[in-house]
Amino acid sequence: MLGIAGGELIIPTITLLYGVDIKIAGTLSLMVSLPTIMIGLYRYRNKQSFTIVRPNIKFMALMGAGSIMGAFAGKSMLGLVSNSMLQIFLAIILSLSAIKLYKKAVA
């Protein structure tokens with residue numbers, strides 16, 4: 000996965016290859032990612048690997064709370080933002096990610 004539960008790869012693939020609306024592609028991306036995340040958490044717990052991250056539990060709680068608030072904010076704004084604006088926003092995020100990866104690769 001490339002981050003954002005693979006959304007950086009899944010959403011453009013669904014929209015460009017299959018011509019699916021970007022809002023539906025985002026939902027499909029979540030539907031694909033959630034089972035993967037759930038299985039990963041289950042396996043992580045079974046290997047008792049959570050002890051590694053225990054020192055950062057406060058940071059993890061903040062990240063989790065931020066993710067939940069972001070999901071609700073995104074859901075609330077979904078009807079307010081046009082598809083073209085979402086595509087532009089996704090293009091900016093992907094471009095910045097590509098630049099960051101390139102800089103890291105050549106460093």
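Numbered as in my numbering, the sequence shown ends at 106 without a single skipped number. Here a beta-carbon is modelled for each residue, glycine too, at the ideal position from N, C-alpha and C.
Along the chain, where does the alpha helix (DSSP H) that runs through residue 54 open and close?
In the DSSP assignment, residue 54 falls outside any alpha helix (DSSP H) and carries neither an H nor an E.
Taking only the alpha-carbon atoms, compute the straight-line gap between residue 66 and residue 73 and give it to the nearest angstrom.
Approximately 10 Å, taken between the alpha carbons.
Between which two residues does the alpha helix (DSSP H) carrying residue 96 extend?
Judged by DSSP secondary structure, residue 96 falls within the alpha helix (DSSP H) whose first and last residues are 82-105.
Using only CA atoms, which one of 22, 13 and 12 lies nearest to residue 79?
It is 22.
Within 10 angstroms of its Cβ, does residue 24 collect 16 or more other Cβ (buried), or is it exposed?
Buried: at least 16 other Cβ atoms inside 10 Å.
Can you give me the C-alpha to C-alpha distance between residue 27 and residue 86, rounded to a whole angstrom?
Per the coordinates, the alpha-carbon of residue 27 lies some 16 Å from the alpha-carbon of residue 86.
Alpha carbon to alpha carbon, how far is residue 71 from residue 37? Give it in angstroms, no decimals.
If I take the Cα positions, the gap works out to 20 Å.
Under 8 Å between the Cβ atoms of residue 41 and residue 49?
Taking 8 Å as the Cβ cut-off, residue 41 and residue 49 do not qualify as a contacting pair.
In its own chain, which residues sit with a C-beta less than 8 Å from the C-beta of residue 89, not counting the 5 before and 5 after it?
For residue 89, where only same-chain residues beyond five positions count, the Cβ hits under 8 Å are 10, 11 and 21.
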